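Worksheet for the structure shown next.
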Amino acid sequence: MAFENLIFEVDNGIAKLTFNRPKALNALNKALLDEFSLVLDEVQKNPDIKVLILTGGGEKAFVAGADISELAKMNPLLGKKFATVGQKLFSRLESLTIPVIAAVNGFALGGGTEVALACDFIYASEKAVFGLPEITLGLIPGFGGTQRLSRLIGTNLAKELIFTGRTIPAQEAKEYGIVNKVFAPESLMEEVMKTAKAIASKGAVSIRAAKEAISCGKDVDLETGCRFEADAFALCMASKDAAEGTSAFLEKRKALFTGTLND
Ligand code: CO8
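When we follow this note's numbering, the leftmost residue of the sequence shown carries the number 53, and every step to the right adds one.
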């Protein structure tokens, strides 16, 4: 698929979406969000895609936020509409059944941090900078940032960052649990690919079940979460992967997963 603001590639079950407006530091304008939505349609339709990676084109940025030149022209109704479009899109991203890794290679500000927070986890370059600086524009985060950041790092820390608009380097983001791992810029994509390949080599049914159990369980009490887990576990037992994985262990060989359910 050819796009004006994105590059979308699929290779051996691993899809990579590169935000690609380097002159505007990959800022999210309306056209880019429309293309992003088409990519999510494709990812949902294509069962061969096992992992999705998001990253930024050019040398400096992952995504430097929503496009401020578009925001500046919005009235309240258009602002609400744009925020809702972005929120729905990021919720769709978050609820993809396959794992999504954010490879944050530079500035991830405002909408850039918000899109990364909607991924399953974040690997970052030492050059990456995170933050929700909307307050410095007289705004607040509008693509889910007030919600996802506070759920991830706690309300007090989220309030401090959002009220001050302070941006933070990758290492500090790692200390807060926003980022899983930090790498030298030249190793970032190699390390992300290593993890993506490791995930893609596992059974797609159990990866999906694990993601659903964790995602569905995170906002409910432990007992309800454990019920989700038992149902997800039962789904795995209905897959050829469970038969293959357990037999392979007992036969001391490498499992070959097909990601399919029993006939
Ligand atoms: N929108 C539009 N253009 C941008 C953006 C942006 N978010 N960020 C950078 N650019 C453009 C600059 O205007 C500049 O363009 P030009 O060369 O034509 O002047 C080009 O990218 C390069 O940027 P800089 O020259 O500023 O590069 P620096 O290295 O000096 O600085 C920074 C890099 C620190 C990242 C700086 O560009 C910056 O502060 N950018 C804005 C960051 C920001 O405030 N992001 C939050 C935006 S608001 C938001 O994300 C809200 C999300 C929810 C919306 C809800 C819907 C209503």
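The beta carbon of each residue, even a glycine, is placed where N, CA and C say it ideally should be.
Values in this document were obtained by computation on a predicted structure and should not be read as measured data.
- In this model, lysine 102 and arginine 260 are separated by some 10 Å (Cα to Cα).
- Distance from lysine 179 to proline 237 at the Cβ level is roughly 5 Å; contact confirmed, criterion being Cβ atoms closer than 8 Å.
- Put simply, the backbone Cα of valine 156 is about 35 Å away from that of glutamate 275.
- By the C-beta criterion, the segment 68-76 is judged to be in contact with the segment 100-116, since at least 3 inter-stretch pairs fall below 8 Å.
- Counting of Cβ neighbours within 10 angstroms places arginine 200 among the buried residues, the total reaching 16 or more.
- Contact between glutamate 281 and alanine 265 holds: their C-beta atoms lie close to 5 Å from each other, under 8 Å.
- The residue from Thr247, Ile174, Leu191, Met241 with its alpha-carbon nearest to that of glycine 229 is Ile174.
- When beta bridges are read from the DSSP output, valine 156 appears opposite Ala176.
- In terms of CA proximity to threonine 310, Glu296 leads the group Thr219, Glu296, Glu212.
- For alanine 135, the closest alpha carbon among the candidates Leu191, Ala176, Ile150 is that of Leu191.
- At the C-beta level, leucine 84 and leucine 104 stay beyond 8 Å of one another.
- In this chain, the beta strand (DSSP E) harbouring isoleucine 105 covers 103-108.
- Exclusion of the five residues before and after isoleucine 205 leaves Tyr228, Gly229, Ile230 as the residues of its chain whose Cβ lies within less than 7 Å of its Cβ.
- The beta-carbon distance between glycine 163 and serine 177, rounded to whole angstroms, is 19 Å. This is too long to meet the 8 Å contact definition.
- 8 Å or more divides the Cβ of leucine 145 from the Cβ of valine 137.
- In this structure, the alpha-carbon of lysine 263 lies about 12 Å from that of phenylalanine 285.
- Within the same chain, Arg260 come within 6 Å of threonine 149 by CB-CB distance, once the 5 residues on both sides are set aside.
- If the five residues before and after threonine 312 are omitted, its C-beta is found closer than 6 Å to the C-beta atoms of Lys292, all from its own chain and listed in chain order.
- For the pair aspartate 273 and glycine 131, the Cα-to-Cα distance works out to about 35 Å.
- Glutamate 61: member of the beta strand (DSSP E) spanning 58-63, first to last residue.
- Its chain contains Tyr228 as the residues whose beta carbon lies nearer than 7 Å to that of leucine 209, once the 5 sequence neighbours on both sides are disregarded; these appear in chain order.
- Under DSSP, lysine 68 shares a beta bridge with Glu61, Ile105.
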